[in-house]
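Structure, as structure tokens:
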Amino acid sequence: MQKEQLIQIRRDLHQIPEIGFQEVKTQQYLLNILNQFPSERLEIKTWRTGIFALVKGTNPKKTIGYRADIDGLPITEETGYDFQSTHPGYMHACGHDFHMTIALGILSHFIENPIEDHVLFLFQPAEEGPGGAEPMLNSEIAMQWKPDIITALHIAPELPVGTIATKPGLLFANTSELFIDLKGKGGHAAYPHNTNDMVVAACSLVTQLQSIVARNVDPLDSAVITIGKITGGTVQNIIAENARLEGTIRTLSVESMEKVKERIEALVKGLEIGYSCQAVIDYGAMYHQVYNEEALTAEFMEYTAEQTDFDVQLCTEAMTGEDFGYMVSQIPGFMFWLGVGSPYGLHHAKLTPNEKAIEVAVEVMAKYITFKSEQK
């Protein structure tokens, strides 16, 4: 594929963001592109709203996997693009439009330039939630075509185009969603003594939750508890009977995740007693840490630095969560950051990644996958 074609594909995909397991238009668009390739070299199978696409090798001894996530986010776009989202309230604000386009570019390269080994492309739904990696990898199709190694990338708005950044070992944190529902007793604002106010309880709990990282997590470890949304009550003169906290937990170790959850549960039990209320905790989706296979990642970094003109950097681990963590917990592999030079970051309504990064990624992965296939 020419770069102009890839840019148009990215812009088409950008206009149809869909959330997890609802990527119906996205799946159909991808299938329309994939079905244009010669069927004797490419086998396609759908799984829910995702796709497996196997580019057949000429003399396969292994299968090299490449994963691209395909879902969008419930964010109202503010980029000002003339190709911005046509789905009100939804946006590709995490670069998955780039990820899909890059995968198609790599796939096209191996259709046109056959190598010995199979290359399996996984177009994975529901990365942002509720989590598509685990069920996709546990599917019958994945069992049949299970790759021997697996790779992926994620755009990095803060890095300039032409930059590749990763590290052996831990790259992304363990993450868990957090939902806490509080139920008390509502009533008239003029008679607070006859009620149990859940807005007050919720505010108190938010403050208490912040003490966990400060006082219960090893200072040499790292953890984050963020409450991003609070809802409660109905109108200004009625004391709230219900409140809901929505947030996220992120830790660099499994042990810290367990400790954080223990402390959350203890604080919530205390809140129930102190505020005469009932509380329900739901951890929602939990994502495994992204732990890059060390030797494979070091090899990728060394090869890419020597065989391309791009800037390969050793980065530090991030508190970012990524569903790809489940895949590398089952299959040796790695993920890397792709510089896209946007003034606005991930999950921002004004995220505007530079499209020149698409050809950078295609070149890097086409060369590396070829190199891995030629290894004896």
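If you use our numbering, the sequence shown corresponds to residues 30 to 405, in order.
Every residue gets a Cβ at the ideal spot worked out from N, C-alpha and C, and that includes glycine.
- The Cβ neighbour count for Leu42, taken over all protein chains shown within 10 Å, is at least 16; the residue is labelled buried.
- With the rule of 3 Cβ pairs closer than 8 angstroms, the region 227-245 does not count as touching the region 181-201.
- With a threshold of 16 other beta carbon atoms within 10 Å, Leu234 meets it and is buried.
- When the Cα atoms are used, Gly354 and His183 turn out to be separated by approximately 12 angstroms.
- Short of 6 angstroms from the beta carbon of Phe339, and not among the five residues preceding or following it, lie these beta carbons of its own chain, in chain order: Gly191 and Ile193.
- In the three-state scheme derived from DSSP, where H, G and I count as helix and E and B as strand, Ser251 is classed as coil.
- DSSP lists Leu211 and Gly261 as the bridge partner or partners of Ala272.
- A direct Cα-to-Cα measurement between Leu151 and Asn225 gives close to 50 angstroms.
- Shown here, Lys379 sits in coil according to DSSP, grouped into three states, outside any helix or strand.
- For Phe365, the CB contacts under 7 angstroms within the same chain, skipping 5 residues up- and downstream, are Leu182, Ile193, Ala194 and Thr195 in chain order.
- Residue pairing from DSSP places Ile278 in a beta bridge opposite Ser205 and Ile254.
- For Phe400 and Ile99, the gap between their C-alpha atoms comes out near 27 angstroms.
- Between Lys90 and Asp126, the gap from beta carbon to beta carbon reaches 8 angstroms or more.
- DSSP places Arg96 in the strand class (E or B) of the three-state scheme.
- Under a 10 Å Cβ-count criterion, Asn321 is classified as buried, with 16 or more other Cβ atoms of the shown protein chains found around its own Cβ.
- A Cβ-Cβ distance of about 5 angstroms is found for the pair Thr260 and Arg273, placing them in contact under the 8 angstroms criterion.
- Under the three-state reduction of DSSP output, Leu136 falls in the helix class.
- For the pair Ala185 and Pro372, the Cα-to-Cα distance works out to about 11 angstroms.
- Counting only residues of its own chain and dropping the five nearest sequence neighbours on each side, Gly134 has a CB closer than 6 angstroms to the CB of Met30, Leu35 and Val391.
- In the same chain as Lys288, and ignoring 5 residues on each side of it, the C-beta atoms closer than 8 angstroms to its own belong to Asn245 and Val246, in chain order.
- Assignment of Val235 by DSSP, reduced to helix, strand and coil, places it in the helix class.
- Between Ile144 and Arg70 a beta carbon distance of about 11 angstroms is seen, past the 8 angstroms cut, so the two are scored as non-contacting.
- For Trp76, DSSP records a beta bridge to Gly79.
- About 3 angstroms separates the beta carbons of Glu206 and Gly313, which is inside the 8 angstroms limit, making them a contact pair.
- By the neighbour-count definition (other C-beta atoms within 10 Å, threshold 16), Asn203 is a buried residue.
- As for any beta strand (DSSP E) of minimum length 3 sitting wholly inside the region 294-379, the runs are 307-311, 319-321, 340-343 and 362-368, ordered along the chain.
- Counting only runs that start and end inside the region 126-197, the alpha helix (DSSP H) elements of at least 4 residues fall at 162-166 and 169-174.
- In this model, Thr180 and Asn223 are separated by some 59 angstroms (Cα to Cα).
- By the criterion of at least three beta-carbon pairs nearer than 8 angstroms, the region 379-388 is in contact with the region 102-109.
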